[in-house]
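Numbering (this note's numbering), first residue to last: 596 to 696. By construction, the Cβ of each residue, glycine as well, lies at the ideal position given by its N, Cα and C atoms.
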């Protein structure tokens with residue numbers, strides 16, 4: 596269960612008093628972004644290790660750091676956040692441009 600860090604902001608938003616401040620996405624290292632993209636592709640840790648040329652234990656360290664930074668509990672949630680925040684490459688290798696909501 597997630598508890599709002601500022602319950603007054605939630606109440607204010609529900610009552611129409613203003614929107615809460617935007618939350619900045621976490622800062623990820625280039626390797627963490629690569630691992631996240633591989634997770635989104637459905638690769639296992641062993642496959643990610645082979646793909647990125649590192650030990651499986653190193654992939655696990657990056658996954659733990661990713662989950663901590665993104666405040667999630669499993670790799671499925673990491674993949675969902677990756678697509679939600681637009682951190683996935685286009686087939687050409689360029690980042691996906693997302694329209695502002």
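Please classify residue i: is it buried, with 16 or more other beta-carbons within 10 angstroms of its beta-carbon, or exposed?
i           : result
residue 670 : buried
residue 623 : buried
residue 639 : exposed
residue 677 : buried
residue 652 : exposed
residue 650 : exposed
residue 619 : exposed
Give the secondary structure of residue i by DSSP, where H, G and I count as helix, E and B as strand, and everything else as coil.
i           : result
residue 667 : coil
residue 678 : helix
residue 689 : Unreliable positioning characterises residue 689 in this predicted model, as indicated by a pLDDT of 47, which lies under 50. A coordinate reading is not provided.
residue 661 : helix
residue 695 : In this predicted model, residue 695 has a pLDDT of only 44, less than 50, meaning its place in the structure is not dependable enough to derive any value.
residue 631 : helix
residue 621 : coil
residue 650 : coil
residue 673 : helix
Along the chain, where does the alpha helix (DSSP H) containing residue i start, and where does it finish?
i           : result
residue 639 : Careful: residue 639 lies outside any alpha helix (DSSP H) and carries neither H nor E.
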